[in-house]
């Protein structure tokens, strides 16, 4: 695990730092998203499908070097597979602890269905991986798979690579789409903050181009607002499952070895001992004397050696997505509503129920 994790992390950093590959592919999808949003300008609509397509195509362009057309049935199939896989995670968590349930007919069929979906996603990844290794394709469309093979040398463990891409595709699509949807809801519910963000954008970024990562150092209030978005609605309220490797004690509680544990990210972001009035959306908590502070108190991607190696991509997506949409649109609740009240759905990710803006 360590070698694959380190290699994947290095590639994501390579795409994200000192290279415009990642940013340019995010901006391409944002341009498509803005075009689609403009079709509804002044009208009420549900943005969930469009943000999911945007998120999926960003991941596909980075992993495989190409995007899907929005009308492509393969894109619809892949999104449905990812969505249903995350929905099944709710039950999978229980099966991790209550393993005897696997033998109950209902749960047995659930496991079989989950395995079928996983197999189908791996088949799609396998088809894409074959294309990515073509020399001409590799030269024209740099991608994660090609770079992975180049750095690793001949891939003796091809199943490991396919499973890695499978996991990246799942995690990078559903969690990011959830974050983007919550960002729209929070912006619609905080018009005055949205206006402050837009005013800063107008001062720093010419209106004839989209914001870029190079603008970020000059967008202090905006960056603070994005950090507050991440704190206020983390896509994952808990970390991925871990197991203790030895007996330990935390805050007076004895935890034996081989115990199934989850890090409580939600608690870290809403702890009143750390955050004053944590239930209030307040970007100013991240600003002092014109500088960003408290950034290290956020743990949306977990911490340690097993933290999410898609963090670089997720942070870039969040900044570019919010800045581009706030620049181009005024985001409001639908109709005469003063506030968007949206239920939360927990599938491992914390995503909003269906909503309109």
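Residue numbers (our numbering): 1 to 357. For each residue, glycine too, the CB sits at the ideal point set by N, CA and C.
Of the residues the options, the one placed nearest residue i, counting alpha carbons only
| i | options | result |
| --- | --- | --- |
| residue 241 | 260, 252, 224 and 228 | 260 |
| residue 5 | 330, 76 and 161 | 161 |
| residue 131 | 119, 145, 121 and 120 | 145 |
| residue 184 | 307, 325, 344 and 280 | 325 |
| residue 354 | 77, 51 and 257 | 51 |
| residue 278 | 269, 286 and 356 | 269 |
| residue 332 | 165, 303, 90 and 356 | 356 |
| residue 266 | 283, 252, 198 and 297 | 297 |
| residue 243 | 258, 55 and 349 | 258 |
| residue 173 | 80, 141 and 264 | 80 |
| residue 263 | 235, 302, 234 and 200 | 302 |
| residue 20 | 142, 134 and 191 | 142 |
| residue 10 | 150, 203 and 134 | 150 |
| residue 45 | 128, 293, 91 and 334 | 334 |
| residue 163 | 349, 323 and 8 | 8 |
| residue 189 | 330, 22, 24 and 34 | 330 |
| residue 121 | 30, 106, 92 and 84 | 84 |
| residue 342 | 223, 33, 48 and 30 | 48 |
| residue 24 | 351, 344, 317 and 201 | 317 |
| residue 159 | 129, 134 and 186 | 129 |
| residue 300 | 14, 196 and 175 | 175 |
| residue 186 | 346, 70 and 234 | 234 |
| residue 347 | 92, 320, 252 and 319 | 92 |
| residue 89 | 76, 72, 105 and 111 | 111 |
| residue 202 | 349, 327, 305 and 285 | 327 |
| residue 33 | 70, 350, 126 and 198 | 70 |
| residue 123 | 55, 77 and 108 | 77 |
| residue 31 | 321, 225, 239 and 197 | 321 |
Per-residue burial, residue i [other beta carbons within 10 Å of its own, 16 or more giving buried]
| i | result |
| --- | --- |
| residue 209 | exposed |
| residue 291 | exposed |
| residue 237 | buried |
| residue 103 | exposed |
| residue 148 | buried |
| residue 119 | exposed |
| residue 207 | exposed |
| residue 86 | buried |
| residue 12 | buried |
| residue 194 | buried |
| residue 27 | buried |
| residue 74 | exposed |
| residue 192 | exposed |
| residue 293 | exposed |
| residue 165 | buried |
| residue 283 | buried |
| residue 115 | exposed |
| residue 43 | exposed |
| residue 134 | exposed |
| residue 200 | buried |
| residue 211 | buried |
Enclosing beta strand (DSSP E) for residue i [first to last residue]
| i | result |
| --- | --- |
| residue 350 | 350–352 |
| residue 254 | 253–255 |
| residue 346 | 344–346 |
Residue i - containing alpha helix (DSSP H), residue span
| i | result |
| --- | --- |
| residue 34 | 21–38 |
| residue 248 | Taken as a continuous stretch (DSSP letters only), residue 248 belongs to no alpha helix (DSSP H), being part of the beta strand (DSSP E) at 248–250. |
| residue 54 | 48–63 |
| residue 120 | 105–132 |
| residue 209 | Unbroken run through residue 209: none, as it is neither H nor E. |
| residue 321 | 311–328 |
| residue 338 | Unbroken run through residue 338: none, as it is neither H nor E. |
| residue 182 | 158–189 |
| residue 236 | That residue, residue 236, is in no alpha helix (DSSP H); it is neither H nor E in DSSP. |
In DSSP terms, what residue i is bridged to
| i | result |
| --- | --- |
| residue 242 | 261 |
| residue 291 | 288 |
Using 8 Å as the Cβ pair cut-off and three pairs as the minimum, do the stretch 246–254 and the stretch 212–223 touch? no
Could you tell me whether the stretch 50–61 touches the stretch 169–186, using the rule of 3 or more Cβ pairs below 8 Å? yes
Are the stretch 264–279 and the stretch 328–343 in contact at 8 Å, needing three or more beta carbon pairs? no
How do the stretch 64–74 and the stretch 97–105 stand: do at least 3 beta-carbon pairs fall below 8 Å, yes or no? no
Pairing CB atoms from the stretch 178–186 with CB atoms from the stretch 223–233, are three or more of them under 8 Å? yes
Check whether the stretch 39–49 touches the stretch 294–314, taking contact to mean three or more Cβ pairs, one atom from each stretch, closer than 8 Å. no
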